[in-house]
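Be aware that the sequence shown starts at 556, since it is given in my numbering, and climbs by one per residue. Where a beta carbon is used, it is the ideal one built from N, C-alpha and C, also for glycine. Quick caveat, the model's predicted, so the values are computed rather than measured.
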Amino acid sequence: MKELTLLGGARLSGEIGVHGSKNAALPILFSCLLFSEPVELANLPDITDVSAALSLLSSLGVKIVRKGRGRVLLDPSSACSDGCDLSLSGSLRGSLYLLGATCRRFPGLTVPRPGGCNFGARPIDLHLSVFRAMGLTVSESEEGVSVRGRPKGARFHFPTVSVGATVNAILSAVLAEGRTILTGAAREPHVLDLIAFLRAAGARISLPAPGAVVIDGVPRLYGVRHRVCPDMIEAGTYLLFTMATGGEITLRAILPGELACLLPLLAGMGARIGTGVDSLCLARTGKLRPVSLTTAPYPGFTTDLQPQMTALACLADGESVIADPIFPTRFGYVSELRKMGAKIAVADGRAVVSGGSRLTGRNVTAPDLRAGAALTLAALAAEGESRILRFDRIERGYAALTRNLAALGASVTLSDGGA
Numbered sequence: 556m557k558e559l560t561l562l563g564g565a566r567l568s569g570e571i572g573v574h575g576s577k578n579a580a581l582p583i584l585f586s587c588l589l590f591s592e593p594v595e596l597a598n599l600p601d602i603t604d605v606s607a608a609l610s611l612l613s614s615l616g617v618k619i620v621r622k623g624r625g626r627v628l629l630d631p632s633s634a635c636s637d638g639c640d641l642s643l644s645g646s647l648r649g650s651l652y653l654l655g656a657t658c659r660r661f662p663g664l665t666v667p668r669p670g671g672c673n674f675g676a677r678p679i680d681l682h683l684s685v686f687r688a689m690g691l692t693v694s695e696s697e698e699g700v701s702v703r704g705r706p707k708g709a710r711f712h713f714p715t716v717s718v719g720a721t722v723n724a725i726l727s728a729v730l731a732e733g734r735t736i737l738t739g740a741a742r743e744p745h746v747l748d749l750i751a752f753l754r755a756a757g758a759r760i761s762l763p764a765p766g767a768v769v770i771d772g773v774p775r776l777y778g779v780r781h782r783v784c785p786d787m788i789e790a791g792t793y794l795l796f797t798m799a800t801g802g803e804i805t806l807r808a809i810l811p812g813e814l815a816c817l818l819p820l821l822a823g824m825g826a827r828i829g830t831g832v833d834s835l836c837l838a839r840t841g842k843l844r845p846v847s848l849t850t851a852p853y854p855g856f857t858t859d860l861q862p863q864m865t866a867l868a869c870l871a872d873g874e875s876v877i878a879d880p881i882f883p884t885r886f887g888y889v890s891e892l893r894k895m896g897a898k899i900a901v902a903d904g905r906a907v908v909s910g911g912s913r914l915t916g917r918n919v920t921a922p923d924l925r926a927g928a929a930l931t932l933a934a935l936a937a938e939g940e941s942r943i944l945r946f947d948r949i950e951r952g953y954a955a956l957t958r959n960l961a962a963l964g965a966s967v968t969l970s971d972g973g974a
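If you want it as structure tokens, here you go:
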């Protein structure tokens, strides 16, 4: 297991490019199983989750040719389920998209219940309800979940917004018989990127109103080239790192409009921000001010930046309140921040952060991807040296993190800490 040693106190400064979105790359990769023609993808992030997805697709018979940095050609024409190594899905929550992508091609394929970040219950009931609404037979066992049948157009309303269930509904409906109408659907940028990819391949998908998605099934999809959209979570994380260290950063290859949930909050905390068409500059001016926020589906404040913002609030001059009704149990990392001197009280999915505490370097363990990013932020701002154990969990979603931090002026060393 990898660990990161980080000496706090450096002021981050410089310019970096943002990688492709993890949350867009995974559903797009698995959607290739809907095709019978080659697909070429660019701007894939070099992260362990993408590597695991490619290995899983390869075990399903998809021919994969790497054509350079972030560029991959996938030929699913000879895909079959005979040699599928589903053990690879154990650490990958996105593997659940196999159900929607293969219900016609590999009926009855059993997909283990998804892995990925472990920060509380994330049930898959909505996914299964979508499949049943489309006429598919769902089977659950100790081994996992399988669906079989020919999906048919249906009407489905999501009682709560779910990115994963929205993605699976779209994947199931693209080649289904008839029209599927979804309401209450997720409209995150990575969901829209999947839709753009499928549209370019011949899918008939329209977005008539907020939260509404209409899919008219088509007989087939055609080979296409697609560039994965920028990762707004990665971009937001680097902005928060910069705020924590009182630094200045320029981000390239981003879409600033997708950070509308974050930028006003950072400005209120003391950031000076300038945006271009595909770039953003941020500098912290003066002391950090406290913040109050509640996570919400896009375009609200994303839960995937909640841990990093909570860590930043530890450094602010005053009391901050951060609520996460989307994942109320996503505060498990707080015990690690407390080891470093943070003063945080958590109850009922809400954290009250008494800011202004001096953080001190400690040995801490990353419990999951975004919590690991929060601990990295705290270590950057802390006095002395920190060791972040299970750094491999952070590498699931951040490409070239140690290289970028070093380029921005941080003192970091990555090592293999053993099992």
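Alpha-carbon to alpha-carbon, residue j and residue i
{"i": "C836", "j": "L956", "result": "19 angstroms"}
{"i": "V605", "j": "G939", "result": "34 angstroms"}
{"i": "L794", "j": "E558", "result": "23 angstroms"}
{"i": "L843", "j": "L609", "result": "42 angstroms"}
{"i": "R668", "j": "V889", "result": "27 angstroms"}
{"i": "I899", "j": "T800", "result": "20 angstroms"}
{"i": "E595", "j": "H781", "result": "6 angstroms"}
{"i": "G952", "j": "V832", "result": "25 angstroms"}
{"i": "L935", "j": "L969", "result": "15 angstroms"}
{"i": "T738", "j": "I583", "result": "22 angstroms"}
{"i": "S727", "j": "T721", "result": "10 angstroms"}
{"i": "L562", "j": "T920", "result": "16 angstroms"}
{"i": "V773", "j": "D630", "result": "20 angstroms"}
{"i": "S912", "j": "T865", "result": "13 angstroms"}
{"i": "P678", "j": "L870", "result": "34 angstroms"}
{"i": "L536", "j": "G575", "result": "Residue 536 cannot be examined here, being either before or after the span of the chain that is shown, 556 to 974."}
{"i": "R958", "j": "V967", "result": "9 angstroms"}
{"i": "Y853", "j": "D771", "result": "25 angstroms"}
{"i": "F713", "j": "T840", "result": "42 angstroms"}
{"i": "L641", "j": "L611", "result": "7 angstroms"}
{"i": "G873", "j": "A764", "result": "41 angstroms"}
{"i": "A961", "j": "A597", "result": "26 angstroms"}
{"i": "G972", "j": "F796", "result": "24 angstroms"}
{"i": "A929", "j": "A868", "result": "11 angstroms"}
{"i": "E695", "j": "S701", "result": "7 angstroms"}
C-beta atoms of residue i and residue j nearer than 9 angstroms
{"i": "A838", "j": "R827", "result": "yes"}
{"i": "R703", "j": "L691", "result": "yes"}
{"i": "A656", "j": "S586", "result": "yes"}
{"i": "A756", "j": "G733", "result": "no"}
{"i": "L892", "j": "N918", "result": "no"}
{"i": "S875", "j": "G910", "result": "yes"}
{"i": "G708", "j": "A731", "result": "yes"}
{"i": "T603", "j": "D923", "result": "no"}
{"i": "L932", "j": "G802", "result": "no"}
{"i": "L581", "j": "L664", "result": "no"}
{"i": "N578", "j": "H682", "result": "no"}
{"i": "C639", "j": "L615", "result": "yes"}
{"i": "K618", "j": "S636", "result": "no"}
{"i": "E570", "j": "L776", "result": "no"}
{"i": "L860", "j": "T792", "result": "yes"}
{"i": "F882", "j": "V901", "result": "no"}
{"i": "A878", "j": "A906", "result": "yes"}
DSSP beta-bridge partners of residue i
{"i": "C784", "result": "Answer is none; C784 lacks a bridge partner."}
{"i": "C836", "result": "T805, G829"}
{"i": "I571", "result": "L806"}
{"i": "R945", "result": "BP columns for R945 are empty, so no partner."}
{"i": "R759", "result": "D771"}
{"i": "F796", "result": "BP columns for F796 are empty, so no partner."}
{"i": "I899", "result": "V908"}
{"i": "E940", "result": "L562"}
{"i": "N918", "result": "R942"}
{"i": "S847", "result": "V876"}
{"i": "V666", "result": "V700"}
{"i": "F856", "result": "T850"}
Element boundaries [beta strand (DSSP E), containing residue i]
{"i": "I828", "result": "826-830"}
{"i": "K618", "result": "618-623"}
{"i": "I770", "result": "768-771"}
{"i": "K557", "result": "557-562"}
{"i": "V685", "result": "Looking at the DSSP string, V685 is not in any beta strand (DSSP E); the run it does join, the alpha helix (DSSP H), is 680-688."}
{"i": "L969", "result": "966-971"}
{"i": "A878", "result": "874-878"}
Limits of the alpha helix (DSSP H) - the one that residue i falls within
{"i": "E695", "result": "Run containing E695: none in the alpha helix (DSSP H); it sits in the beta strand (DSSP E), 692-695."}
{"i": "R925", "result": "924-936"}
{"i": "K894", "result": "889-894"}
{"i": "P862", "result": "861-868"}
{"i": "T884", "result": "Unbroken run through T884: none, as it is neither H nor E."}
Contact test: residue i Cβ vs the ligand MG heavy atom, cutoff 8 angstroms
{"i": "G831", "result": "For the ligand MG, the structure offers nothing, since it holds no ligand at all."}
Closer than 9 angstroms to chain B by CB, residue i
{"i": "A767", "result": "This model lacks chain B altogether, as it is built from one protein chain only."}
**Prompt:** Curious, which full-length alpha helix (DSSP H) runs of at least 4 residues does the segment 701-755 contain?
**Reply:** As far as the segment 701-755 is concerned, its whole alpha helix (DSSP H) runs of at least 4 residues are 718-728, 744-755.
**Item:** Minimum length 4: unbroken alpha helix (DSSP H) runs contained in the segment 573-654
**Value:** Entirely contained in the segment 573-654, the alpha helix (DSSP H) runs reaching 4 residues are, in chain order, 577-586, 603-614.
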